[in-house]
Amino acid sequence: MLDKVEHSIENALDSSLEKIEELYRHLTPGSAALSENAKEVFPSGITHDSRHQKPYGPYIARAEGSRKWDVDNNEYIDYVGGHGSHLLGHGNKAVIEAVQKTITSGTQVGGSTDLEVEHGQIVKEMVPCAERIRFTMSGTEATHLALRLARAYTGKSTIIRFTTHYHGWHDSVVVGYSSHFDGSAPRGISSQTAAETLLLPPGDIEAVTDVLTRRDDIAAILLEPTGSHFGLVPIQPEFVKQLRELTEKYGVVLIFDEVICGFRVAPGGAQQALGITPDMSTHAKIISGGLPGGAVCGKKAILDVLDFDVMAEREEEKVAHNGTFNANRVSAAAGIAMLQQIRDTDACERANQFAARLRNGMNQMFSDQGLGWAAYGTYSGFFIFTNPENLDIDPLNFDPCHYDAATLKLGRSGFPQKLVLALLTQGVHLAGFPGGWVSAVHSERDFEDTMTAFGNTVPLLKAESERASLTT
Ligand SMILES: Cc1ncc(COP(=O)(O)O)c(C=O)c1O
Numbered sequence: 004m005l006d007k008v009e010h011s012i013e014n015a016l017d018s019s020l021e022k023i024e025e026l027y028r029h030l031t032p033g034s035a036a037l038s039e040n041a042k043e044v045f046p047s048g049i050t051h052d053s054r055h056q057k058p059y060g061p062y063i064a065r066a067e068g069s070r071k072w073d074v075d076n077n078e079y080i081d082y083v084g085g086h087g088s089h090l091l092g093h094g095n096k097a098v099i100e101a102v103q104k105t106i107t108s109g110t111q112v113g114g115s116t117d118l119e120v121e122h123g124q125i126v127k128e129m130v131p132c133a134e135r136i137r138f139t140m141s142g143t144e145a146t147h148l149a150l151r152l153a154r155a156y157t158g159k160s161t162i163i164r165f166t167t168h169y170h171g172w173h174d175s176v177v178v179g180y181s182s183h184f185d186g187s188a189p190r191g192i193s194s195q196t197a198a199e200t201l202l203l204p205p206g207d208i209e210a211v212t213d214v215l216t217r218r219d220d221i222a223a224i225l226l227e228p229t230g231s232h233f234g235l236v237p238i239q240p241e242f243v244k245q246l247r248e249l250t251e252k253y254g255v256v257l258i259f260d261e262v263i264c265g266f267r268v269a270p271g272g273a274q275q276a277l278g279i280t281p282d283m284s285t286h287a288k289i290i291s292g293g294l295p296g297g298a299v300c301g302k303k304a305i306l307d308v309l310d311f312d313v314m315a316e317r318e319e320e321k322v323a324h325n326g327t328f329n330a331n332r333v334s335a336a337a338g339i340a341m342l343q344q345i346r347d348t349d350a351c352e353r354a355n356q357f358a359a360r361l362r363n364g365m366n367q368m369f370s371d372q373g374l375g376w377a378a379y380g381t382y383s384g385f386f387i388f389t390n391p392e393n394l395d396i397d398p399l400n401f402d403p404c405h406y407d408a409a410t411l412k413l414g415r416s417g418f419p420q421k422l423v424l425a426l427l428t429q430g431v432h433l434a435g436f437p438g439g440w441v442s443a444v445h446s447e448r449d450f451e452d453t454m455t456a457f458g459n460t461v462p463l464l465k466a467e468s469e470r471a472s473l474t475t
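Residue numbers for the sequence shown follow this note's numbering, so the first one is 4 and each next one is one higher.
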């Protein structure tokens, strides 16, 4: 990418990080023009809060395998991975064939289909807690439904969640994810709804025990079982195990939000990897082959509250749930094709191994450069701790479990965005935490190119990081 421009990272290094933005703008005139048009259509010119990037994000024209190209034909190694949907990379052949075959014979056909049954069967086979399944159209819908089912099943209303854990954008799960850590209602959410969520510090089993012994209004505990954002703020498996024991003891529904980690950390998700079976789990992304879709899986006794006959027999009100595009044929076909490959190959393990290699490579580089940053994570994710407080850390021996959510998540304002921007100029697209997810098709060449890109940007970022810490 750099060959074709007279601007270069070396020139940028000579002066300051502002030059990075200049270089980025130089490389991406098509994206700049689209972002101007977009601002006339969408608030901030974007369609998802996490795509908020200064001065603008790249507009992607096509994607294949581990790579994607923007409208200016700049090539990127992709670590956003369809927000975690593409464990098998972009354009997986079997998924594409399944979609092509299905799309011509009806998408939403206004009735039950053979494909939804096959899709449900493979999910049931792979997900340990899945005695019954209800498909939704997104992860947000899945967590929304799971909370409704838990409340209906227990007859209780309060949900325990953990600070910074993400479960989509519906009203019950926004409090305390990226703001309002005191449990107060974010703008647009009623205080009544906010009060029905009890926020606890992730990993603090005493806090959970204290609530469960004192209160009898807790319907469910909802968590990301590998930690907030897949592990940006990790939690220990022991904590999850203790949650399982406590919820069983107190008759509280344990819900794993496996929207990201499901079918990724292992074919059966975190519940398989940890050997801990929740009462319900929520899914999206990979479950429908990277197409729109989601699901709630769980114990028959709980999902029975959706069942017409069971509820009629009990003379109880059935829980309502509709959704025009639930289990539509195209998403079902894509999901079957994706899940079969995950079930029958070592795709999860390959992605896990590549991510471990990336984390080690980055840490070696940070250490060699004397930069107090660290790449960490588990399974197929990586997170870059840019050390806003200038803590004394050794990149080669960094344990994120020693730090709290505030330290790990709330980076120096704007710096992660600068890192993402700098790497975009070097042909690497990170997710904004900063970090990313890898797929089973990231290759040796991707590893080498990523290391080169980091090698080009780390000295500049080191200088900027030191400059910023002097001014904070
Ligand atoms: C753990 C988790 N839960 C829920 C969601 C929401 O899923 P969706 O974006 O499909 O609504 C996400 C999305 O990234 C997620 O990561």
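A virtual CB, placed ideally from N, CA and C, is assigned to each residue, including glycine.
Check: residue i C-beta below 7 Å from any heavy atom of ligand 1
i, result
"I263", "yes"
"G477", "Any answer about residue 477 is impossible in this case: the structure gives the chain only from 4 up to 475."
"T116", "no"
"A287", "yes"
"H324", "no"
"S141", "yes"
"T146", "yes"
"G297", "yes"
"H86", "yes"
"G384", "no"
"D260", "yes"
"G171", "yes"
Segment limits, beta strand (DSSP E) that includes residue i
i, result
"A377", "377 to 379"
"Y2", "There is no way to answer for residue 2, as the model of the chain reaches only from 4 to 475."
"K288", "It is not in any beta strand (DSSP E) - K288 carries neither H nor E in the DSSP assignment."
"T161", "161 to 165"
Residue burial classification, residue i (beta-carbon count within 10 angstroms, cutoff 16)
i, result
"G380", "buried"
"H55", "exposed"
"N355", "buried"
"T455", "exposed"
"D260", "buried"
"F266", "buried"
"R190", "exposed"
"G421", "The question names Gly, yet the displayed sequence has Lys at residue 421. K421 comes out buried."
Start and end residues, alpha helix (DSSP H) containing residue i
i, result
"Y484", "In the structure displayed, the chain extends from 4 to 475; residue 484 sits before or after that span and is not available."
"M314", "311 to 317"
"E209", "208 to 217"
"C351", "350 to 371"
"D347", "332 to 347"
Neighbourhood of residue i by C-beta, 6 Å cutoff - its chain only, sequence neighbours within 5 removed
i, result
"L473", "Because L473 sits at a pLDDT of 49, beneath the cut-off of 50, its placement in the model cannot be relied upon, and the following sentence gives the value as read from the coordinates. So the list is empty, once near-sequence residues are dropped."
"G438", "F385, F386, I387"
"L2", "A question about residue 2 goes unanswered here, because the residues of the chain that appear run from 4 up to 475."
Sequence-distant residues of the same chain with beta carbon closer than 8 Å to residue i, five excluded per side
i, result
"A350", "L90, L91, Q344, A443"
"T212", "L249"
"V313", "D307"
"Y27", "P58, L424, L427, T428"
Length of the line joining the Cα atoms of residue i and residue j
i, j, result
"L203", "I162", "11 Å"
"D81", "Q372", "25 Å"
"V431", "G158", "49 Å"
"E251", "P237", "23 Å"
"D219", "V74", "56 Å"
"E128", "E134", "9 Å"
"G33", "A223", "48 Å"
Contacting residues, own chain, Cβ-Cβ under 7 Å from residue i (five flanking each side not counted)
i, result
"S64", "Sequence inspection shows Ala at residue 64; the Ser mentioned does not correspond to that position. Within the same chain, A64 has close Cβ partners W72, D73, V74."
"C404", "P237, Q239"
"S88", "K288, I289, G293"
"L37", "Y62, V74"
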